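Residue numbers (our numbering), protein chains in the order written: chain X, 3 to 398; chain F, 172 to 343; chain C, 498 to 706. The beta-carbon is built from N, C-alpha and C at its ideal position, and this holds for glycine as well. Small disclaimer: the values here were computed from a predicted structure and weren't measured. Working notes, beginning with the structure itself.
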């Protein structure tokens with residue numbers, strides 16, 4: 003019976019043809035490593051955020067008077083199982099960003115941003131940027147002390163642009179001279195409608211581009227898919243399904259047993275515009291940028307520096323024009339990649355430390371490390387072009 | 172593919188998958204269940220000496236309208252009803268509470284102490300589709316499929332406490 | 498192989514530091530004797546704690562999520578009618594406008610309205626609360642909180658137990674959540690392993706291994 007219904011539907015939709023052409027006949031390299039699964043994990047994390055978020059909007063009230071209570075009373079105590087949905091959403095946001103970072107570092111390591119995948123990288127960068135905006139706007143919604151003061155600091159950053167422009171941007175973001183109902187309503191709308199819809203579009207485009215330009219290869223060689231490729235289904239789908247189960251197991255460990263970091267205690271105090279909490283630092287996914295901003299003594303230069311990092315990240319496919327691909331074959335690139343990883347991690351950890359002169363000094367050192375990665379890429383590319391020519395082709 | 176369908180592991184994965192989907196759906200559906208506040212045993216106290224004999228007052232209990240009926244002493248009622256369930260339960264009490272929601276389609280009936288239409292004695296009359304109930308909420312005529320619901324209630328002196336099990340233990 | 502191990506360990510250490518135990522970030526720690534910790538963590542003292550709260554703290558503080566309001570508001574005859582309309586836990590906007598006079602008076606006495614304590618246990622933790630309630634000036638110099646029960650650590654611990662019972666789920670609920678967590682994780686691990694075994698079988702049949 004079920005088989006006949008399935009057949010009836012298939013005769014009209016040709017879904018099985020679609021499945022065959024897109025999943026089975028689609029061939030991928032056999033040697034893809036574990037980090038390639040971060041992509042599908044990010045997709046799972048995105049789905050989890052959308053589903054849990056939809057349920058949270060049923061009880062959340064975007065009103066400065068009642069927002070805090072709707073989160074901490076209605077959602078956490080009154081409605082059955084909503085605590086779970088909130089835990090999933092809060093931990094999910096952190097995991098989503100963590101996976102996206104890992105995905106980006108994987109992409110950099112295997113040079114997955116190079117021809118013909120420049121657009122895949124650029125769209126990915128847009129996803130990262132919109133995701134940061136989504137995280138920032140969502141962080142304001144519980145209207146606790148950290149939500150409030152985190153947003154105060156965020157909306158102050160544009161004022162480092164000299165002249166009336168910076169001030170104008172800041173006021174424009176808040177919808178007034180201080181954070182209030184207008185700000186909350188606006189960020190609520192951004193967080194639940196505009197930004198997720200943009201993300202949905204960008205993610206679809208990103209996935210399409212991955213298919214159109216093909217998956218990169220850890221060895222840095224484009225494979226002949228007809229000969230060497232393995233069918234995406236079941237080879238890759240089941241492998242990634244197993245990885246996703248592992249990922250979810252770690253995720254749910256945090257959801258059930260370790261929410262301390264994802265629902266920080268300070269945010270269980272309602273927003274008080276007259277009292278700043280003692281330790282105010284951005285969330286971990288912004289700490290590296292924050293440290294760059296903080297370590298540079300001039301506020302405007304600090305703003306320029308962290309904007310430049312974002313810009314350099316976007317322009318990565320054009321900074322690196324070497325004929326070779328993948329850190330596996332590029333020792334110079336590998337060395338600079340280590341500098342990049344260590345610098346980003348160090349900047350993140352420094353961001354949570356008190357702003358002593360030593361830390362500011364260290365911050366400058368690692369900021370220099372971060373920039374040296376990006377700026378060394380053209381030099382490395384020129385050197386590698388030299389090697390390429392003397393060897394007379396793509397040999398290592 | 173035919174052979175793998177009988178594969179034990181394949182079956183186990185399929186079965187576990189169903190369990191997993193059910194596990195995800197369970198909390199999500201549960202969030203739509205009544206919240207802690209609406210489940211809390213709300214109690215409403217009514218001072219029956221404030222209600223004139225033969226009158227009805229409407230109070231709110233758990234968000235629902237509730238009739239508090241005060242009958243005169245030695246109240247006689249000559250109508251005939253389809254059933255006698257409510258009357259048996261409330262017989263001997265001159266003050267009691269009934270949930271004021273017509274069991275047909277949820278309107279609030281009106282108290283007619285002088286009677287209505289062919290019924291020349293006190294009745295509840297539902298204006299929506301013409302249901303008639305006795306003062307105890309038993310059906311006389313009209314579309315309602317069952318008598319009015321009776322909330323748990325107890326009487327302490329002059330205080331009728333709706334929501335506390337007493338002479339009516341639980342909602343009918 | 499060395500590279501894989503290096504990056505794996507680096508990533509794990511990094512996330513351990515930023516998510517679980519940031520050894521580099523400053524932490525304020527407060528001491529609380531073990532015997533009082535036990536009282537504060539025990540559900541059985543919550544009821545006694547509530548009575549102590551009513552005697553010592555309710556003059557100024559509310560615990561709105563438990564429908565406990567400052568004494569002046571509790572004495573206001575409007576409270577009951579409002580609770581009938583809005584439920585025991587009044588919405589904050591209704592509460593603040595209905596009892597503006599009482600709240601303004603508290604504000605005049607203390608410089609600000611003494612905070613609502615519904616979520617204070619999660620926000621501050623039992624160690625901080627223990628030290629602060631016993632000796633407010635020592636922990637937060639200049640605070641307008643008076644030393645109400647200085648020298649009574651056991652009573653303080655009981656009040657903390659009450660505040661905990663309002664902020665946190667009950668211990669039976671916590672046990673339920675732990676069980677759910679273990680079940681979920683076990684499910685995912687089993688599912689992952691099964692998929693992996695199934696996959697290797699299919700691949701063997703297809704000659705891809």
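{"Check": "Helix, strand or coil for residue 354 of chain X? Go by DSSP, reduced to three states.", "Outcome": "coil"}
{"Check": "Starting from residue 317 of chain F and walking both ways along the alpha helix (DSSP H), at which residues does that stretch end?", "Outcome": "Segment: none, residue 317 of chain F is in no alpha helix (DSSP H) and carries neither H nor E."}
{"Check": "From the beta carbon of residue 182 of chain F, is the nearest beta carbon of chain C less than 8 Å away?", "Outcome": "no"}
{"Check": "Closest to residue 270 of chain X by C-alpha separation, out of X/98, X/123, X/145, X/300, would be which residue?", "Outcome": "X/145"}
{"Check": "Any Cβ of chain C within less than 8 Å of the Cβ of residue 398 of chain X?", "Outcome": "Its pLDDT being 49, under 50, residue 398 of chain X is placed unreliably by the model, and the measurement read from it follows with that caveat. No, because no Cβ of chain C sits closer than 8 Å to the Cβ of residue 398 of chain X."}
{"Check": "Determine the chain C residues that contact residue 191 of chain F at a beta-carbon separation under 9 Å, and present them in chain order.", "Outcome": "684, 685, 688"}
{"Check": "Please state if the CB of residue 280 of chain F and the CB of residue 302 of chain F are separated by a distance shorter than 8 Å.", "Outcome": "yes"}
{"Check": "Counting contacts by CB-CB distance shorter than 8 Å, is residue 187 of chain F in contact with chain C?", "Outcome": "yes"}
{"Check": "Compare the C-beta of residue 226 of chain X with all C-beta atoms of chain C and state if any pair is closer than 8 Å.", "Outcome": "no"}
{"Check": "Cβ of residue 603 of chain C within 8 Å of Cβ of residue 567 of chain C?", "Outcome": "yes"}
{"Check": "Checking contacts by CB at 8 Å: is residue 570 of chain C closer than that to chain F?", "Outcome": "no"}
{"Check": "Using 8 Å for Cβ pairs, my map puts residue 91 of chain X next to residue 143 of chain X. What's the rounded Cβ distance?", "Outcome": "Actually they do not touch by this definition, with Cβ atoms about 10 Å apart."}
{"Check": "For residue 119 of chain X, count neighbouring Cβ atoms within 10 angstroms of its own Cβ and tell me buried if that reaches 16, exposed if not.", "Outcome": "buried"}
{"Check": "If you drop the 5 nearest sequence neighbours on each side, which residues of the same chain put their C-beta closer than 6 Å to that of residue 106 of chain X?", "Outcome": "none"}
{"Check": "Grab the span of the alpha helix (DSSP H) containing residue 378 of chain X for me, first residue to last.", "Outcome": "359-393"}
{"Check": "Does the beta-carbon of residue 306 of chain F have 16 or more other beta-carbons within 10 angstroms, so that it is buried, or is it exposed?", "Outcome": "buried"}
{"Check": "Decide if residue 276 of chain F is buried, meaning its Cβ has at least 16 other Cβ atoms within 10 Å, or exposed.", "Outcome": "exposed"}
{"Check": "Quickly, what does DSSP pair residue 297 of chain F with across the bridge? List them, please.", "Outcome": "F/302"}
{"Check": "Helix, strand or coil: which one does DSSP assign to residue 327 of chain F?", "Outcome": "strand"}
{"Check": "Take the Cβ of residue 388 of chain X as the centre, count every other Cβ of all protein chains shown within 10 Å, and call the residue buried at 16 or more, exposed below.", "Outcome": "exposed"}
{"Check": "If you compare alpha carbons, which of X/163, X/253, X/28, X/26 is closest to residue 307 of chain X?", "Outcome": "X/163"}
{"Check": "Check the Cβ of residue 588 of chain C against every Cβ in chain X and list those closer than 8 Å, keeping chain order.", "Outcome": "67, 68, 71"}
{"Check": "So what's residue 216 of chain F in DSSP terms, helix, strand or just coil?", "Outcome": "strand"}
{"Check": "Tell me which residues share the same chain as residue 172 of chain F and place their Cβ nearer than 6 Å to its Cβ, disregarding the 5 neighbours each side in the sequence.", "Outcome": "At residue 172 of chain F, the pLDDT of 45 sits below 50, so the modelled position is not reliable; the number obtained from the coordinates is stated separately. Same-chain partners within the cutoff: there are none."}
{"Check": "Rounded to whole angstroms, how far is the Cβ of residue 333 of chain F from the Cβ of residue 214 of chain F, which I believe are closer than 8 Å?", "Outcome": "7 Å"}
{"Check": "Who are the Cβ neighbours of residue 40 of chain X in its own chain at under 7 Å, not counting the five residues just before and after it?", "Outcome": "101, 104, 105, 108"}
{"Check": "Note down, in chain order, each residue of its chain lying with its Cβ closer than 6 Å to the Cβ of residue 160 of chain X, except the 5 sequence neighbours on either side.", "Outcome": "168, 171, 172"}
{"Check": "Tell me where the alpha helix (DSSP H) around residue 14 of chain X begins and ends.", "Outcome": "4-15"}
{"Check": "Using the beta-carbon count (16 or more within 10 Å), is residue 185 of chain X buried or exposed?", "Outcome": "buried"}
{"Check": "Using a Cβ-Cβ distance under 8 Å, would residue 516 of chain C count as near chain D?", "Outcome": "In summary, chain D is missing from the structure at hand, where the protein chains are X, F and C."}
{"Check": "Going along the chain, which unbroken runs of the beta strand (DSSP E) with 3 or more residues stay wholly within the stretch 215-284 of chain F?", "Outcome": "215-218, 227-232, 235-241, 266-270, 281-283"}
{"Check": "Could you check whether residue 222 of chain F and residue 239 of chain F sit closer than 8 Å to each other, using their CB atoms as the reference points?", "Outcome": "yes"}
{"Check": "Who pairs with residue 333 of chain F in a beta bridge, going by DSSP?", "Outcome": "F/215, F/324"}
{"Check": "Taking DSSP as the reference, what is the three-state secondary structure of residue 666 of chain C?", "Outcome": "coil"}
{"Check": "For residue 353 of chain X and residue 293 of chain X, what's the separation of their Cα atoms in angstroms?", "Outcome": "5 Å"}
{"Check": "Less than 8 Å between CB atoms is the rule here; does residue 233 of chain F satisfy it with respect to chain X?", "Outcome": "no"}
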